[in-house]
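J.: Residue numbers (the working numbering): 6 to 851.
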RNA sequence: GCCCGGGUGGUGGAAUCGGUAGACACGGAGGCCUCAAAAGCCUUUGCUCUCACGGGCGUGCGGGUUCGAGUCCCGCCCCGGGCACCA
């Protein structure tokens, strides 16, 4: 008697029982654990290391369908690469700091750690029940003091290296709550989601990471990465490198100040008819004349309540977005005075916070000039017939003094040369990328490990005293203010340098800091005196396949790339390790009612209801089959039907694999012996089934490599259908077995439980399916002996014929012209032209 | 608004390099099996004209390039993601 509860049960496909059995087995046997090589072992290892990583999740409770989708793809990659003979590192952890837990704490008064730990437990369970294969020994949680210690140690190394610094920056301040708000907490109309007060900007001294130091390397590094092109484009645009010039203009009637502007179009300087400075510009006060004070103050007040997104918008009434300062700058190119305006769409964070405005060659400037009735002077001759307003294209310079007659490119260089010769300006490269503001005025994050001492100033916490951990006895006030800021026990400390009373930094780090190095900790989570060992990082990194949502295309992926370079430069990571993720795949999102599925929108569909009914394998198959992995999925009332369909398909595979398939031929001879075919073996049927089998291997392997999971599943369905129809055609037992065996192997990474169970029942003596090698197609079955060629007349399909795959152009055309149906379609007309593209088509043009 | 994507039958989608539009499914229709049902199996299914043979139309909209466009180019419309403190 078998001790196997599943085998003992029944012959019907019982997903829940099968899945529980195999999940336990994978965990108990540590099937997907992989060890780091011992010293000197790397050279002899016969399995090449391969690192598959899904973006670690924020634990918001049980998995949602976005997680299911992500981890299904990741698990497929892990099992597929393992079967291909790689030593696969497949770790998982939790991005466990963040705002939602803190909000929950404020609501209920419970400590965020309690919520977080509960939610991690729920999420873990749903991942296990999905059948995802991880080396759980390597699990990391960002709120674990062991992890925090290293996040803080890294912060200090950055501080030491000049990569972390303090500066003033504005935050969203809610006057009602007396607290800082996240952008998400500010409603579209600029009010606080909690109190409804109008949110204003307020300057605070905060910590930054100097990501801009790496702007060029972040840009150039993209070239070598196998990432989706659109993600690279987004990153390039985000970095926003632009070449131009910076120069200084005198202020009319003043010698105590001057205005420095950045421009990408120094060639247009003769067309400058005004200048604009940001509302935060230090000269605003200086340049504003008494007569203009009222309008300027009114503008500044309005701007304080406007988000950057709205400020950068080209919508909105320009008449309300600018104000004249009353001062004039002198255009150094022609000595003419030009008025200086303030406008909200000029940001202090970019360039010098001041621009020269050339309405003739910039549409935004043109629109502004129209509203404020400022002159427009063309400096580039637009092409013949040009009817637009601002012209920003190529052309010959006009109205531009010594630049007249030059092309735009030449004129740029000449203008910069002139500025340099006058000693008032120079060539300058600017980036849109800004330094990374890492300070958060929150409790549930990793504390920034510094103290402030009256005598010594800012002092880093010594590494031996790390981690700095937030206290447990905290009280959450309904205002949302971080309890750290009023917890005396935490706040008050002694200076590590002089021993006098000092206060701790109460800000915590952006959670993107935690997610910028977790993939390195996974390589070596046991490391006790460094965040990770150089050897382990060198062995596994960079991540061979990173998988996550497209919504992380810019921020997370940019920050992690910055971290990799910075860690390498401060000596924590191997010097040659400059990029963390070699191959990236960005999956689409799950949408419900038109927007992304997320806890905050309340539109979650828990996977557990499927685990208990159709099983995890059916849900996984659905996610693979529903569409291209990169595309968004609309989850609606029809989705359950599709999942049902996947479950029915797996039932078909089960019956085929376990030998209880009902034959497709109806009639009284129906019996369960039908998968053991009769004696009359049809050789053509054998060949046809084996061809299908081997072509499916080739197609599925290729599809898995190129992330076309939906078509891989379709190919498996075709093989399944053909196996069933072969049952009626007298196929040999050997051929049928080869088809079924192959089908199970190809399904193993997709629906691992079903594949494992069916395999074990079919081949009880064999090693488990997931330790089998990935099948390789036999080329003799891949050869094609004839293909269908289309014959068109004037581009319309009129007939189809069988041709040899290597048929020549002339022969194809001849055969096409000889077809009776073509003669009819031609109706006596003489072909003007025959386009012959064998073996695809012949097109006859009359 | 800016940057990046997307739009193909009743539905999800396929078409990998400019060459058969609709693979594979879901749903529908008809049938087999059954006392009946469920399950399973078989056939059929883009729209439209035609008894039929066969024809016409068809990949968001409008233009263009080409023998040929879902695919390339120009201009729109609609939907989604990101926009630096959601993660």
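For every residue, glycine included, the Cβ atom is placed at its ideal position computed from N, Cα and C. Everything numeric in this text was worked out from a predicted model, so none of it was measured.
Taking the C-alpha atoms as reference points, what is the distance between residue 645 and residue 815?
T.: Spanning the two alpha carbons is a distance of roughly 53 angstroms.
J.: Could you compute how far the alpha carbon of residue 491 sits from the alpha carbon of residue 183?
T.: If you take the alpha carbons of residue 491 and residue 183, they lie about 13 angstroms apart.
J.: Measuring CA to CA, which of 336, 296, 455 and 340 is closest to residue 329?
T.: Here the closest residue by C-alpha is 296.
J.: How long is the line joining the alpha carbons of residue 242 and residue 509, rounded to whole angstroms?
T.: Rounded to whole angstroms, residue 242 to residue 509 spans 38 angstroms at the Cα level.
J.: Tell me which residue opens and which closes the beta strand (DSSP E) that residue 559 is part of.
T.: Run containing residue 559: none; DSSP gives neither H nor E here.
J.: State the start and end residues of the unbroken beta strand (DSSP E) segment that holds residue 807.
T.: Segment 801-808, the beta strand (DSSP E) holding residue 807.
J.: Any idea if residue 96 is buried or exposed, counting beta-carbon neighbours within 10 angstroms, 16 or more meaning buried?
T.: It counts as buried.
J.: Between residue 679 and residue 701, what straight-line distance do the alpha-carbon atoms span, to the nearest angstrom?
T.: With a pLDDT of 40 at residue 679, under the threshold of 50, the predicted position of this residue should be treated as unreliable, though the coordinate-derived value follows. If you take the alpha carbons of residue 679 and residue 701, they lie about 24 angstroms apart.
J.: Report the partner residues of residue 108 according to the DSSP bridge assignment.
T.: Answer by DSSP bridge pairing: none, since residue 108 is not bridged.
J.: Identify whether residue 680 lies in helix, strand or coil by the three-state DSSP scheme.
T.: Reliability of the predicted coordinates at residue 680 is poor, the pLDDT of 41 falling under 50, and the value obtained from them is presented with this limitation in mind. If DSSP states are grouped into helix, strand and coil, residue 680 belongs with the helices.
J.: Just the Cα atoms here: how many angstroms apart are residue 564 and residue 119?
T.: So the two alpha carbons sit approximately 29 angstroms from each other.
J.: Over what stretch of residues does the beta strand (DSSP E) that includes residue 432 continue unbroken?
T.: Start and end: 430-435.
J.: Measuring CB atoms only, is the region 503-517 touching the region 453-468, in the sense that at least three cross pairs come out at less than 8 angstroms?
T.: Yes, since at least three Cβ pairs between the region 503-517 and the region 453-468 fall closer than 8 angstroms, the two stretches touch.
J.: So is residue 477 buried or exposed if we call it buried at 16+ other beta carbons inside 10 Å?
T.: Exposed is the call here.
J.: Which residues in the same chain have their Cβ closer than 7 angstroms to the Cβ of residue 200, if we skip the five residues on either side of it in sequence?
T.: The residues are 179, 181 and 182.
J.: Please give the ranges of any alpha helix (DSSP H) in the region 752-816, keeping only runs that are unbroken, at least 4 residues long and fully inside the region.
T.: Counting whole runs of 4 or more residues, the region 752-816 contains the alpha helix (DSSP H) stretches 757-767.
J.: Could you pull the start and end residues of the beta strand (DSSP E) that residue 458 belongs to?
T.: Looking at the DSSP string, the run of the beta strand (DSSP E) that includes residue 458 is 455-458.
J.: What does the alpha-carbon distance come out to for the pair residue 517 and residue 268?
T.: Approximately 33 angstroms between the Cα atoms of the pair.
J.: Within this structure, are the beta carbons of residue 753 and residue 744 separated by less than 7 angstroms?
T.: For residue 753 and residue 744, no; Cβs fall outside 7 angstroms.
J.: Who are the Cβ neighbours of residue 109 in its own chain at under 6 angstroms, not counting the five residues just before and after it?
T.: So the list reads 120, once near-sequence residues are dropped.
J.: According to DSSP, simplified to helix, strand and coil, what is residue 205?
T.: Strand at residue 205.
J.: Compare the beta carbon distance of residue 485 and residue 251 with 7 angstroms and say whether it is the shorter of the two.
T.: Contact: no.
J.: Any chance the region 16-32 sits against the region 547-557, with 3 or more Cβ pairs inside 8 angstroms?
T.: These segments do not touch.
J.: Can you look up residue 51 in the DSSP assignment and give me helix, strand or coil?
T.: DSSP places residue 51 in coil when its eight states are reduced to three.
J.: Alpha carbon to alpha carbon, what distance is there between residue 582 and residue 158?
T.: Looking at the two C-alpha atoms, the distance is approximately 20 angstroms.
J.: Could you tell me the distance, in whole angstroms, from the CA atom of residue 763 to the CA atom of residue 16?
T.: Whole-angstrom Cα-Cα distance: 11 angstroms.
J.: DSSP puts residue 150 in a beta bridge; with which residues?
T.: Its beta-bridge partners do not exist; DSSP assigns none.
J.: Can you tell which of 822, 283 and 799 has its C-alpha closest to the C-alpha of residue 806?
T.: Measuring from the Cα of residue 806, the nearest candidate turns out to be 822.
J.: Can you tell me whether DSSP reads residue 589 as helix, strand or coil?
T.: Three-state DSSP puts residue 589 in a strand.
J.: So which of 146, 40, 142 and 87 has the shortest CA-CA distance to residue 520?
T.: Measuring from the Cα of residue 520, the nearest candidate turns out to be 146.
J.: Please list the segments of the beta strand (DSSP E) lying wholly inside the region 208-244, counting only runs of 3 or more residues, in order along the chain.
T.: Runs of the beta strand (DSSP E) inside the region 208-244: none found.
J.: Expressed to the nearest angstrom, what Euclidean distance is found between the alpha-carbon atoms of residue 708 and residue 526?
T.: Going from the Cα of residue 708 to the Cα of residue 526 covers about 32 angstroms.
J.: Measuring only the C-alpha atoms, how far is residue 343 from residue 256?
T.: Cα to Cα, residue 343 sits roughly 9 angstroms from residue 256.
J.: Nearest-angstrom Cα distance between residue 341 and residue 167?
T.: If you take the alpha carbons of residue 341 and residue 167, they lie about 43 angstroms apart.
J.: Mind checking who residue 336 pairs with in its DSSP beta bridge?
T.: Beta-bridge pairing links residue 336 to no other residue.
J.: Quick one: Cα of residue 332 to Cα of residue 408, how far?
T.: Taking the straight line from one Cα to the other gives about 28 angstroms.
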